[in-house]
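Participant: Note that UniProt numbering gives residue 14 to position 14 of the sequence shown, counting from 1, and the numbers run on in steps of one. In this text, a Cβ means the ideal position worked out from N, Cα and C, and glycines have one as well.
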Amino acid sequence: MTVKINSSSEEQSNPWVETPLRESYALSEAAGWYGHTFPALSYLTPLQIFLKLENLQPSGSFKSRGIGNYILRRLEELPAGSQPHIFASSGGNAGLAAVHSARALNLNCTVVVPTATSALMVTKLRAAGAYDVISHGAAWRDADMYLREHVMPYYEGATIYCPPFDHPDIWTGNSTVMHEIAGQMPSGSAPDVIICSVGGGGLINGICQAMDDINMYTPTILAVETAGADSLAASLSAKEVVTLPKITSQATSLGCVRVTDRTFKYSQRSNVRSVVLPDSVAAMGCWRLADDERMMVELACGVNVALCYDGRLEKALGRPVKPDDKVVIVLCGGSNVTSGMLCEWREEYKHVVDDELESQRRDSAYISAEASPKTAPTVPSELAMPVIEGIEIGSLAVRA
1 MTVKINSSSE EQSNPWVETP LRESYALSEA AGWYGHTFPA LSYLTPLQIF
51 LKLENLQPSG SFKSRGIGNY ILRRLEELPA GSQPHIFASS GGNAGLAAVH
101 SARALNLNCT VVVPTATSAL MVTKLRAAGA YDVISHGAAW RDADMYLREH
151 VMPYYEGATI YCPPFDHPDI WTGNSTVMHE IAGQMPSGSA PDVIICSVGG
201 GGLINGICQA MDDINMYTPT ILAVETAGAD SLAASLSAKE VVTLPKITSQ
251 ATSLGCVRVT DRTFKYSQRS NVRSVVLPDS VAAMGCWRLA DDERMMVELA
301 CGVNVALCYD GRLEKALGRP VKPDDKVVIV LCGGSNVTSG MLCEWREEYK
351 HVVDDELESQ RRDSAYISAE ASPKTAPTVP SELAMPVIEG IEIGSLAVRA
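Below, the structure written as structure tokens:
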């Protein structure tokens with residue numbers, strides 16, 4: 001896919017790539033086992049879990065799409081041959097996407113980050129080719145204000161200010177992920193479930209926009225947040241967009257105190273369900289993905305994977321998981337992770353897996369006690385199913 005800048009005959013490749021959609025047999029087995037009312041038979045007809053590998057984008061996350069498209073649209077508004085300086089305010093993946101996109105377009109990019117930004121992310125911004133990385137302010141809003149009031153005005157030449165998520169051109173760029181999924185599903189089938197993280201809402205906005213474009217309204221969208229960064233869930237509960245007093249989750253990439261108005265509107269659709277999980281479960285999703293698929297992702301992405309374990313998917317959907325369900329997890333990626341961090345999370349939150357193993361043991365003991373040796377085992381009642389701690393579900397049956 002290519003776009004043209006202005007009326008020039010020169011074609012400019014998009015600063016993002018089409019990513020693979022790959023079935024994960026390990027996650028399919030895990031979700032199929034726990035997802036059935038009777039675990040002992042689930043291996044016969046497991047559901048299918050597909051991973052949309054946005055961690056393979058140039059910047060390491062889906063934000064290459066939205067940020068890249070935003071920059072391209074601003075370039076179209078400038079005189080042909082312009083070489084504007086890109087300015088972004090983000091200590092996370094949006095900043096990396098801006099730097100990578102600018103570099104792909106042979107432009108310079110300066111990023112202002114909050115002082116709390118980790119040394120790891122600052123190093124990655126510089127390594128990606130940032131023209132300058134400036135630390136200022138306790139929070140993103142402080143860094144953003146400093147960028148627009150004290151950095152950009154003193155630059156001589158054309159400039160482009162790049163917001164992290166709240167712009168229609170960013171949502172349009174993000175919509176390409178859903179268009180790709182629609183074309184990559186096996187045998188032309190549609191997914192039954194889409195799982196994605198929600199921070200400010202740029203990704204889910206793009207997904208819903210694409211589904212409108214192609215008239216795909218049947219898939220259930222699970223909009224997943226971590227506790228302490230659950231601005232969407234708080235807004236749905238209040239029935240209006242609210243601003244969190246602060247972010248307490250370790251999943252800093254989801255650390256937006258307020259979702260976009262468009263996100264709130266989309267999330268009131270009957271096929272969208274809000275899910276909130278604790279950091280401990282998000283961390284479990286990260287190290288289990290590393291074990292099962294040899295991929296490292298940060299907490300903001302691992303929280304999606306965590307739904308595949310210990311019956312969380314069934315509870316999130318509010319219905320039994322069906323053997324023929326096709327579930328797509330948007331593996332949004334993220335660069336705020338190292339092998340050392342994975343080891344620390346595994347040690348700190350190992351009780352999450354211990355609890356799952358205990359649930360399996362109880363289920364097996366229940367089946368052994370109730371099943372007759374000469375007949376099919378008795379299906380346990382709902383009361384015998386594992387109790388999932390720390391998961392909140394919300395949905396509104398109102399179509400926007």
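Quick one: grab the DSSP three-state call for Ala223.
Facilitator: Ala223: strand per DSSP, three-state reduction.
Participant: Do the CB positions of Val241 and Asp261 come within less than 8 Å of each other?
Facilitator: Going by C-beta atoms, Val241 is nearer than 8 Å to Asp261.
Participant: Thinking Gly173 and Tyr266 are a contact (beta carbons under 8 Å), I'd like their distance in whole angstroms, please.
Facilitator: In fact, because the Cβ distance is near 16 Å, the residues do not count as touching under 8 Å.
Participant: Establish whether the CB of Gly255 and some CB of chain D are separated by less than 8 Å.
Facilitator: Any reference to chain D falls outside this structure, which holds one protein chain only.
Participant: Select from Pro278, Asp279, Ser280 and Tyr309 the residue whose C-alpha is nearest the C-alpha of Asp292.
Facilitator: The shortest C-alpha separation from Asp292 is found at Tyr309.
Participant: Around the Cβ of Arg319, are there at least 16 other Cβ atoms within 10 angstroms (buried) or fewer (exposed)?
Facilitator: The residue in question, Arg319, is exposed, as its Cβ has fewer than 16 Cβ neighbours within 10 Å.
Participant: Going residue by residue through the segment 293-362, where are the continuous beta strand (DSSP E) segments of at least 3 residues, counting only ones entirely within it?
Facilitator: Counting only runs of 3 or more, we get 326-331.
Participant: In the segment 94-179, which residue ranges form an unbroken alpha helix (DSSP H) of at least 4 residues, counting only runs that do not cross its ends?
Facilitator: Entirely contained in the segment 94-179, the alpha helix (DSSP H) runs reaching 4 residues are, in chain order, 119-127 and 140-146.
Participant: Whose C-beta lies closer than 6 Å to the C-beta of Ser368 among residues of the same chain, with five residues either side of it excluded?
Facilitator: Low local confidence applies: a pLDDT of 40 at Ser368 is under 50, so the model's placement there is unreliable, and no value is given.
Participant: Determine which residues share a DSSP beta bridge with residue 403 and list them.
Facilitator: Since the first residue shown for the chain is 1 and the last is 400, residue 403 is missing from the structure and cannot be characterised.
Participant: Leaving out the 5 sequence neighbours to the left and right, which residues in its chain are closer than 8 Å to Pro191 when beta-carbon positions are compared?
Facilitator: Result list for Pro191: Phe50, Ile181, Met185, Pro219, Lys326, Val327 and Val328, in chain order.
Participant: Whose C-alpha, out of Thr19, Ser90, Ala139 and Ser274, is nearest the C-alpha of Ile204?
Facilitator: Checking every option, the nearest Cα to that of Ile204 belongs to Ser274.
Participant: Taking the alpha carbon of Trp171 as the point to measure from, which residue in Val321, Ser24, Arg65 and Ala234 has its own alpha carbon closest?
Facilitator: Trp171 has its Cα closest to that of Arg65, out of Val321, Ser24, Arg65 and Ala234.
Participant: Among Ile67, Ser235 and Thr226, which has the Cα closest to the Cα of Ser90?
Facilitator: Looking at the Cα atoms, Ile67 is the closest of the given residues.
Participant: Please name the residue, chosen from Ala233, Tyr131 and Arg312, that lies closest to Asn108 on a Cα-to-Cα basis.
Facilitator: The candidate whose alpha carbon is nearest that of Asn108 is Tyr131.
Participant: Quick test of your reading: Ser280 and Tyr349, contact by CB under 8 Å. State the CB separation rounded to the nearest angstrom.
Facilitator: Their Cβ separation, rounded to whole angstroms, is 4 Å, which keeps Ser280 and Tyr349 in contact under 8 Å.
Participant: Using DSSP bridges, identify the partner residues of Glu23.
Facilitator: DSSP output for Glu23 lists Phe50 as bridge partner(s).
Participant: Could you check if Asp324 is buried or exposed, using at least 16 other CB atoms within 10 Å of its CB as the buried criterion?
Facilitator: Per the 10 Å Cβ criterion, exposed.
Participant: Sorted by chain position, which residues of the same chain lie with C-beta nearer than 7 Å to Asp144's C-beta, five sequence neighbours on each side aside?
Facilitator: These residues qualify, in order along the chain: Ser89.
Participant: Using only alpha-carbon positions, find the residue among Arg288, Ala158, Pro153 and Ala300 that is nearest to Ala223.
Facilitator: If we check each option's Cα against that of Ala223, Ala300 comes out closest.
Participant: What does the alpha-carbon distance come out to for the pair Thr248 and Ala116?
Facilitator: Taking the straight line from one Cα to the other gives about 13 Å.
Participant: Which ranges does the beta strand (DSSP E) cover as unbroken runs of at least 3 residues, wholly within the segment 191-254, from first to last along the chain?
Facilitator: Fully enclosed beta strand (DSSP E) runs of 3 or longer: 193-197 and 220-226.
Participant: Could you give the first and the last residue of the continuous beta strand (DSSP E) run that contains Leu277?
Facilitator: From DSSP, the beta strand (DSSP E) with Leu277 extends over Val272 to Leu277.
Participant: In the DSSP output, which residue or residues are listed as bridge partners for Ser61?
Facilitator: Paired residues: Gly333.
Participant: Within its chain, find whatever has a CB closer than 8 Å to the CB of Leu232; leave out the 5 residues flanking it on each side and keep chain order.
Facilitator: So the qualifying residues of the chain are Val198, Gly201, Ala223, Glu225, Val259, Thr263, Phe264, Ser267 and Ser274.
Participant: Just the Cα atoms here: how many angstroms apart are Glu149 and Glu76?
Facilitator: Those two C-alpha atoms are separated by around 25 Å.
Participant: Using alpha carbons as the reference points, say which of Thr159, Met178, Ser24 and Asn14 lies closest to Leu78.
Facilitator: Leu78 has its Cα closest to that of Thr159, out of Thr159, Met178, Ser24 and Asn14.
Participant: Contact check, Val305 vs Arg288 under 8 Å by CB: the rounded distance?
Facilitator: At roughly 7 Å, the Cβ-Cβ gap stays under 8 Å, so Val305 and Arg288 are in contact.
Participant: Give the range of the alpha helix (DSSP H) segment to which Arg262 is assigned.
Facilitator: Residues Asp261 to Tyr266.
Participant: Between Asn336 and Leu120, which are expected to be in contact by the criterion C-beta below 8 Å, what is the C-beta distance as a whole number of angstroms?
Facilitator: Confirmed, Cβ separation roughly 7 Å.
Participant: Give a yes or no on whether the C-beta atoms belonging to Val151 and Phe62 are separated by under 8 Å.
Facilitator: The answer is no: Cβ separation not under 8 Å.
Participant: For Tyr217 and Arg269, what's the separation of their Cα atoms in angstroms?
Facilitator: Their backbone Cα atoms lie some 10 Å apart in a straight line.
Participant: Using the C-alpha atoms, what's the distance from Gly334 back to Leu342?
Facilitator: Using only the alpha carbons, I get a separation of about 14 Å.
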